[in-house]
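Below is one structure; the comments refer to it alone.
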Amino acid sequence: MKRGPADPREAARRSALNALRRTRRKAERAGIDLSDWEGEFLGSVETRIQTYGRAFGDPEKGAPGQALSALQHRKLKEIAAKASGETPASAGRGGRRRPGRGGTPPDREAGDDPA
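Numbering (the working numbering), first residue to last: 80 to 194.
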């Protein structure tokens, strides 16, 4: 018997719930203590996804058909990185630098005088 097409919202819901559970399990197995805020975050997001199918109310905060908002997804990745023992991506708040922004302009050397 052939199944019909999968519902993308249901697939996003399952994927988000699995990611939350996987992150919590990874932290427990590694013996990493999550902060109270991180534990509460994982629990509340999981509850909202189970109840409403998504963890955010404002459609502007996430992509259509996704269960987590962009910020929730980023925080989940940070908690997962902490559970893996990696340094979190937001530790330096740096991110990618665009060429030509800040620093010495490419046409001058660092010791040159502009006058």
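All residues carry an ideal CB built from backbone N, CA and C; glycine is no exception.
With contacts defined by Cβ atoms closer than 8 Å, Gly144 and Arg88 form a contacting pair. The three-state reading of DSSP puts Asp112 in coil, since its state is none of H, G, I, E or B. Nearest to Ala98 by C-alpha distance, out of Glu165, Thr130 and Lys154, is Lys154. Here Glu117 carries a helix assignment [DSSP, helix/strand/coil]. Collapsing the DSSP output to three states places Leu147 in coil.
The beta carbon of Leu113 lies closer than 6 Å to those of Ala106 in the same chain, with the five residues before and after it left out. Exclusion of the five residues before and after Arg133 leaves Ala146 as the residues of its chain whose Cβ lies within less than 6 Å of its Cβ.
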